[in-house]
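Asks: Just passing along the structure, written as structure tokens.
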Amino acid sequence: MSTDFYYGIEVVLNGLMAGVMYSLVALGFVLIFKASGVFNYAQGVMALFAAQTLVGLQTGQVPFSHLIDAVFGLDVHHFGWTLPTLVAIALSLCMMVLFAILVEKLVLKHLVNQEPIILFMATIGLAYFMEGFGQLMWGSEIKRLDIGIPQGGNLWIENATAGLGGEGFHGFYIDTLDLYATAIAILLVTALVLLSRYTRIGRALRAVADDHQAALSVGISLRTIWVIVWAIAGFVALVAGAMWGAKSGVQFSLSLIALKALPVLMLGGFTSIPGAVVGGLIIGVGEKLFEFLIGAPFLGGATENWFAYMLALVFLVFRPQGLFGERIIERV
Amino acid sequence: MFYREVGEFKTSYRSDGQTFPIALDRHAYYALLGVAFLVVPFLLNDYWVKAIVLPFLIYSIAALGLNILTGYCGQVSLGSGGFMAVGAYSCYKFMTGFDVYLPAEAGEWVRYALPPINVFFSVLLGGVMTALVGILFGLPSLRIKGFYLAVATLAAQFFLVWLFNKWEWAFNYSASGQITAPERAVFGIDVTGPSTSAWATYLFCLVFAVVLALVARNLTRGHLGRSWMAIRDMDIAAEIIGVNPLKAKLTAFGISSFYIGISGALLFAVYLGAAEVGEVFGIQKSFLVLFMVIIGGLGSVLGSFLGAAFMVLLPVALKNLLVGQLGWATDIAAHLDFVIVGALIIVFLILEPHGLAQLWRTIKQKLRLWPFPH
Amino acid sequence: MPPHANRQRMPHGHPLMREAMSMADPAAAAGAPPVPSVPVMELGHITLRFGGVTAIKDISFDILEGEVRAIIGPNGAGKSSMLNVISGFYHPQEGEIRYRGKVRPAMKPYQIARLGVARTFQNIALFKGMSTLDNIMTGRLTHMKSGLFAQAIWKGAAEREEIEQRERAERIIDFLEIQAIRKAPVGSLSYGMQKRVELGRALVSEPSLLLLDEPMAGMNVEEKEDMSRFILDVNDEFGTTIALIEHDMGVVMDISDRVVVMDYGAKIGDGTPDQVRNDQAVIDAYLGVAHE
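So the sequence lines, in the order shown, correspond to chains A, B and C. With the numbering used here, the residue at position 133 of the first sequence is 149, and numbering never jumps. With the numbering used here, the residue at position 203 of the second sequence is 208, and numbering never jumps. With the numbering used here, the residue at position 257 of the third sequence is 351, and numbering never jumps.
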């Protein structure tokens with residue numbers, strides 16, 4: 017087999033890894049949409065904010081330091097202490113739960129009976145708000161995030177697969193971080209599926225996703241459920257933000273990942289957890305493969321900017337509900 | 006007491022259907038137009054024009070376009086930035102002589118070029134090209150609705166930005182990938198290029214804004230506007246009573262894109278002078294126009310102007326206040342801008358989902374009774 | 095003898111309705127003799143399935159020109175689905191539909207609207223973002239033809255057409271006595287008023303076949319009498335063929351010429367109100383027996 021073929025396989029494997037990362041973000045969307053019918057555009061910014069908080073806590077940053085310095089003419093940046101990673105993660109999680117509570121109280125509660133498009137636009141507003149807020153609180157420089165996961169090409173795999181493609185083939189280059197991310201994602205999805213299926217809260221979540229009125233009539237508190245769901249989504253955002261941040265640094269572009277999750281959702285359907293995973297994998301592989309086979313050689317490269325959307329668009333035209341979504345039957 | 010409709014009885018359907026049924030409104034409107042065309046040009050200076058008035062007029066046109074698509078027809082679009090790019094780049098090509106390369110004998114390519122077209126018509130043609138592209142990207146709207154459609158328009162946004170980055174013919178093979186507006190004049194007066202006068206650029210954009218606003222008003226008051234609103238409110242019922250959804254949606258996409266394309270062309274040629282597609286026409290532009298429409302009021306011509314004014318004035322005001330008065334760093338002002346815009350969007354959607362336009366209508370309601378409480 | 099000659103009803107039609115219809119067709123308004131009984135719609139062996147559920151099983155019946163045909167049956171019998179099949183919104187998997195004798199191919203709903211079929215909906219499908227007047231004007235959309243450029247300029251052809259169509263809409267508004275709410279946003283109206291506006295939207299398009307899905311639902315006795323009067327006037331003066339789904343047996347027996355009874359997707363009765371009232375199958379499934 018030619019070297020090119022093995023490069024192709026490497027592209028596919030890397031695509032699968034990228035897909036896993038996309039799925040992590042898409043999961044947050046699915047959770048919130050299932051439980052409240054709200055398409056949370058702010059999910060990506062939540063991931064960014066969670067990662068910023070994590071780094072800030074780890075390194076002992078002073079929140080709003082830039083602003084305080086400007087108003088009071090001071091020059092503070094850090095507290096001087098640092099926190100161990102696990103403590104920082106726990107505190108970040110608390111921050112995301114607080115965020116969920118505030119969002120429910122200040123935003124969701126007041127928009128209960130509005131049409132979905134209004135809710136969607138409210139989450140866009142929320143995204144903008146959190147983006148500015150996050151920058152004000154933790155600063156906008158790119159930060160390195162280190163949560164103790166090794167990075168860099170995995171030597172073991174490289175050595176094991178060298179020689180497969182003949183002379184000059186160095187073996188598959190797969191980032192160890194990606195392997196960890198895949199493992200963590202699998203754990204997370206399994207946990208979510210088990211939670212949804214076997215616990216009381218999971219049952220309540222499924223009831224709310226199915227029919228708000230019916231859920232209310234059996235005594236399920238919608239507001240509590242929403243707080244729980246947004247908190248779980250916040251946790252998922254934290255994991256996604258930590259993974260992405262460790263890989264490419266905590267920076268503004270992290271929030272654009274949310275945009276990438278949208279085609280994933282279009283493919284997988286907005287209400288399906290396995291759909292988010294499968295959709296993510298398809299997009300991840302599809303993007304990288306297209307760029308490798310057609311984009312780079314013939315179109316000047318950088319097709320990953322738009323290919324995912326085009327793929328989702330074409331797919332949707334033929335199957336508007338996505339791979340796993342429920343078939344839409346119009347009733348009059 | 007001062008603002009009332011007592012005595013305003015309409016005796017014909019024509020007078021009942023006019024845009025400003027109350028006489029005071031009508032007079033105020035004509036006065037405003039008079040001031041805009043005859044007085045303001047003498048009062049302008051470069052700073053005001055550059056920082057506030059030109060962007061206000063140009064973005065009002067874009068907001069009108071997006072309002073037609075999203076506010077009246079209910080089709081959410083996140084592709085405004087990309088469509089503005091189409092308008093800008095088409096206008097550029099027409100201004101610099103639209104050329105095509107056709108194969109001749111012996112594998113050679115021959116370049117056929119149109120002469121450079123007057124900037125006024127180049128802008129219009131830019132709008133037409135954008136309308137065609139808009140109709141193309143609007144085709145999926147027949148199968149896809151709601152958020153799914155929003156994501157489909159994102160495909161347009163990212164694809165178009167990538168296209169104008171890579172397609173060298175579009176920026177006349179310039180090394181920097183930028184397009185620069187050459188000096189062009191209308192009736193002998195410069196409106197593009199480095200040596201324009203404030204009032205000339207102002208009047209050029211004002212003419213476009215006023216005419217396009219009138220056309221938008223007319224289109225939305227008749228059967229076309231009603232079929233759009235029917236689709237927005239209940240598309241299945243609309244189809245059952247006889248609205249052809251294909252024609253209505255594609256017309257909305259086409260007209261909306263025409264407006265947005267003109268806005269993009271004016272933004273590039275008159276306001277900025279030069280543009281690089283990623284910076285100027287990226288996704289943040291799409292959101293900017295969407296926010297104008299939400300804050301101003303979905304489904305309202307006045308709202309498009311109010312929203313544009315708001316989104317143009319806010320960063321300027323913030324910068325003047327925070328950086329000018331308080332001496333804070335510009336990036337803090339930028340972050341606060343995000344925070345305030347985001348918070349205001351949420352506040353508006355909660356309190357007044359119909360935006361500033363509805364707020365204005367409520368104020369007028371109260372004015373009818375003022376100074377009496379009820 | 096025309097099917098509706100024996101019916102008890104008001105001695106004359108509403109004058110404004112006559113005026114409205116006379117704008118379109120002077121001959122009918124002058125009290126021309128009723129048209130012979132020609133089927134407007136013939137439904138042959140219609141079967142409609144949604145996934146695993148069969149909503150309509152092998153149903154055949156016809157609707158004659160100028161009659162009032164009621165479709166009755168218990169909830170879930172498939173009546174609304176039947177109306178949706180007639181209006182072209184659902185396409186049956188089996189069966190044939192004939193419109194005025196010709197086989198009607200699967201058409202889009204808006205094309206069927208242009209053939210002169212109008213309808214109202216069980217759960218009111220008014221356009222909540224528009225006023226009463228605008229909603230009724232949407233009923234004239236199939237008749238409004240001015241082009242894009244004419245609309246953009248407005249003065250001239252577009253304005254003239256708008257005024258002309260407004261006049262027709264206003265006659266319907268007068269007929270239905272809803273002048274006071276013409277500028278009100280329909281979302282703010284009461285249920286009964288919304289139903290009346292929806293009827294207005296269906297009437298204004300001057301349909302030859304009018305489909306009404308539970309027009310009396312949720313109304314009190316007076317409102318029902320008003321609505322019955324409107325329906326009968328429309329049928330009397332213009333000869334509009336009407337098919338309606340209704341649960342109120344008193345209304346059905348009073349105003350309809352013939353009745354179709356459905357149960358669990360199948361047809362269990364078809365005939366005049368008297369025939370159906372005494373049919374054992376219908377009594378068992380739906381009507382029940384009066385207790386002494």
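The C-beta atom is built at its ideal place from N, Cα and C for all residues, glycine as well.
With DSSP run on the structure shown, which of helix, strand or coil describes Pro166/A?
Replies: For this step, residue 166/A is matched to residue 150 along the first sequence. Pro166/A: coil per DSSP, three-state reduction.
Asks: Cutting at 7 Å between CB atoms, please list the residues of its own chain near Ala314/B, excluding the five before and the five after it.
Replies: Sequence index remark: in the second sequence, residue 314/B carries index 309 (1-based). Result list for Ala314/B: Phe61, in chain order.
Asks: Closer than 7 Å, Cβ to any Cβ of chain C: which residues of the region 225-239 of chain B, in chain order?
Replies: Taking 7 Å as the Cβ-Cβ cut-off against chain C, the residues of the region 225-239 of chain B that qualify are Gly227, His228, Leu229, Arg231, Ser232, Met234, Ala235, Arg237, Asp238, Met239.
Asks: Kindly list, in the order they appear in chain B, the residues whose Cβ is closer than 7 Å to that of Glu256/C.
Replies: Along the third sequence, one-based indexing puts residue 256/C at 162. The answer, in chain order, is Gly22, Gly227.
Asks: Could you tell me whether the Cβ atoms of Met100/B and Ser127/B are closer together than 7 Å?
Replies: What you label residue 100/B is simply residue 95 of the second sequence in a count that begins at 1. What you label residue 127/B is simply residue 122 of the second sequence in a count that begins at 1. A contact, by the Cβ cut-off of 7 Å.
Asks: Anything in the region 154-180 of chain B with a Cβ closer than 7 Å to a Cβ of chain A? List those residues in chain order, please.
Replies: Listed in sequence order: Val156, Ala157, Leu159, Ala160, Phe163, Phe164, Trp167, Lys171.
Asks: For Met238/C versus His228/B, is the C-beta spacing smaller than 7 Å?
Replies: The residue given as residue 238/C occupies position 144 in the third sequence. The residue given as residue 228/B occupies position 223 in the second sequence. The answer is yes: Cβ separation under 7 Å.
Asks: Closer than 8 Å by C-beta to Ala258/A: which residues in its own chain qualify, once you throw out the five before and the five after it? Chain order, please.
Replies: Within the first sequence, the letter at position 242 stands for residue 258/A. Within the same chain, Ala258/A has close Cβ partners Ala66, Ala67, Leu70, Ile105, Leu161, Ile163.
Asks: From which residue to which residue does the alpha helix (DSSP H) around Tyr204/C run?
Replies: Taking the third sequence and counting its residues from 1, the one referred to as residue 204/C is at position 110. Its alpha helix (DSSP H) spans residues 203-208.
Asks: Cβ of Leu165/A within 7 Å of Cβ of Leu193/A?
Replies: Within the first sequence, numbered from 1, the residue matching residue 165/A stands at position 149. Within the first sequence, numbered from 1, the residue matching residue 193/A stands at position 177. The sequence given here has Ile at residue 165/A, not Leu. Yes, Cβ-Cβ distance for Ile165/A and Leu193/A is below 7 Å.
Asks: Quick check: what's the CA-CA separation for Pro46/B versus Phe125/B?
Replies: Taking the second sequence and counting its residues from 1, one reaches residue 46/B at position 41. Taking the second sequence and counting its residues from 1, one reaches residue 125/B at position 120. Pro46/B and Phe125/B: Cα-Cα distance of roughly 19 Å.
Asks: So, is the C-beta of Asn249/B closer than 7 Å to a C-beta in chain D?
Replies: Within the model displayed, chain D is absent; protein chains A, B and C are what it includes.
Asks: Let me confirm a value: Asp227/A is counted as buried when at least 16 other C-beta atoms fall within 10 Å, else exposed. Which label applies?
Replies: Translated into positions along the first sequence, residue 227/A becomes position 211. It is exposed - the Cβ of Asp227/A has fewer than 16 other Cβ atoms within 10 Å.
Asks: When Cβ atoms are compared, which residues of the region 173-184 of chain C fall closer than 7 Å to chain B?
Replies: So the list reads Ser181, Phe183, given in the order they occur along the chain.
Asks: Which residue's Cα is closest to the Cα of Gly382/C: Asp152/C, Pro168/C, Thr148/C?
Replies: Along the third sequence, one-based indexing puts residue 382/C at 288. When each option's Cα is compared against that of Gly382/C, the closest is Pro168/C.
Asks: So, with DSSP's three-state summary, where would you put Glu300/C?
Replies: Counted from its first residue, the third sequence places residue 300/C at position 206. Glu300/C falls in the coil class under three-state DSSP.
Asks: If you reduce the DSSP assignment to three classes, tell me which class His106/C lands in.
Replies: Mapped onto the third sequence, residue 106/C falls at position 12. The pLDDT assigned to His106/C is 43, lower than 50, so where the model puts this residue is not dependable, and the model offers no usable value.
Asks: Looking at Ile299/A and Tyr38/A, is the spacing between their C-beta atoms short of 7 Å?
Replies: On the first sequence, position 22 is the one that residue 38/A refers to. On the first sequence, position 283 is the one that residue 299/A refers to. In contact: Tyr38/A and Ile299/A (Cβ atoms closer than 7 Å).
Asks: Is Val54/A helix, strand or coil by DSSP?
Replies: On the first sequence, residue 54/A is found 38 positions in, with the first residue counted as 1. Coil, per DSSP.
Asks: Report buried or exposed for Leu210/A, applying the criterion of at least 16 other Cβ atoms within 10 angstroms of its Cβ.
Replies: One-based indexing of the first sequence puts residue 210/A at position 194. Flag for Leu210/A reads exposed.
Asks: Would you tell me roughly how many angstroms separate the C-alpha atoms of Leu208/A and Phe45/A, rounded to the nearest one?
Replies: On the first sequence, position 192 is the one that residue 208/A refers to. On the first sequence, position 29 is the one that residue 45/A refers to. Computed Cα separation, rounded: 13 Å.
Asks: With respect to the alpha helix (DSSP H) encompassing Met310/C, which residues constitute its N-terminal and C-terminal limits?
Replies: What you label residue 310/C is simply residue 216 of the third sequence in a count that begins at 1. Run containing Met310/C: none; DSSP gives neither H nor E here.
Asks: Just by C-beta distance, which residues in the region 356-374 of chain B are closer than 7 Å to chain A?
Replies: Of all residues in the region 356-374 of chain B, Pro358 have a Cβ within less than 7 Å of some Cβ in chain A.
Asks: Output needed for Met234/B: all residues of its chain with C-beta closer than 7 Å, excluding positions within five of it in sequence on either side, in chain order.
Replies: Residue mapping note: residue 234/B aligns to position 229 of the second sequence, counting from 1. Excluding residues within five positions, the ones whose Cβ falls inside 7 Å are Tyr77.
Asks: Using beta-carbon positions only, say whether Leu147/B and Leu74/B come within less than 7 Å of one another.
Replies: By one-based count along the second sequence, residue 147/B stands at place 142. By one-based count along the second sequence, residue 74/B stands at place 69. Not closer than 7 Å, so no.
Asks: Tell me, please, whether the region 62-72 of chain B touches the region 201-213 of chain B by the rule of three or more beta-carbon pairs shorter than 8 Å.
Replies: Cβ pair count under 8 Å is three or more, so yes.
Asks: For Ile300/B, return the contacting residues in chain C, with the cut-off set at a CB-CB distance below 8 Å.
Replies: Position 295 of the second sequence holds residue 300/B. Within chain C, no residue comes near Ile300/B; the closest Cβ sits about 19 Å away, beyond 8 Å.
Asks: What residues in its chain sit with their C-beta under 6 Å from that of Asn100/C, if we drop five residues either side in the sequence?
Replies: Here residue 100/C corresponds to residue number 6 of the third sequence, with the count starting at 1. Low confidence applies to Asn100/C: its pLDDT is 41, below 50, so where it sits in the model is not reliable enough to give any reading.
Asks: Examine chain A for any beta-carbon lying closer than 7 Å to the beta-carbon of Val317/B, and answer yes or no.
Replies: Against the second sequence, residue 317/B aligns to sequence position 312. No, Val317/B does not count as interfacial toward chain A.
Asks: For Pro187/B, would you say it is in contact with chain A, using Cβ-to-Cβ distances shorter than 7 Å as the test?
Replies: Here residue 187/B is taken as the residue at index 182 of the second sequence, counted from 1. No, because no Cβ of chain A sits closer than 7 Å to the Cβ of Pro187/B.
Asks: Using the Cα positions of Ile275/C and Ile266/C, report the straight-line distance between them to the nearest angstrom.
Replies: The residue labelled residue 275/C in the question sits at position 181 within the third sequence. The residue labelled residue 266/C in the question sits at position 172 within the third sequence. So the two alpha carbons sit approximately 13 Å from each other.
Asks: Would you say Gly60/A lies against chain B (beta-carbon separation less than 7 Å)?
Replies: Locating residue 60/A in the first sequence gives position 44, counting from the first residue. So, not an interface residue.
Asks: In chain B, which residues lie with their C-beta within 8 Å of the C-beta of Gly223/C?
Replies: Numbered from 1 along the third sequence, position 129 holds the residue referred to as residue 223/C. Within chain B, the residues near Gly223/C are Met234, Arg237, Asp238, Gly304.
Asks: Within the same chain, show all residues whose beta-carbon is closer than 8 Å to that of Ile25/A, passing over the 5 residues directly before and after it, in chain order.
Replies: Against the first sequence, residue 25/A aligns to sequence position 9. Correct list, in chain order: Phe188.
Asks: Does Arg198/C come out as helix, strand or coil in the three-state DSSP assignment?
Replies: Here the question's residue 198/C lines up with position 104 in the third sequence. It is coil, neither helix nor strand.
Asks: Quick one: grab the DSSP three-state call for Lys277/C.
Replies: Counting from 1 along the third sequence, the entry for residue 277/C is found at position 183. Coil, per DSSP.
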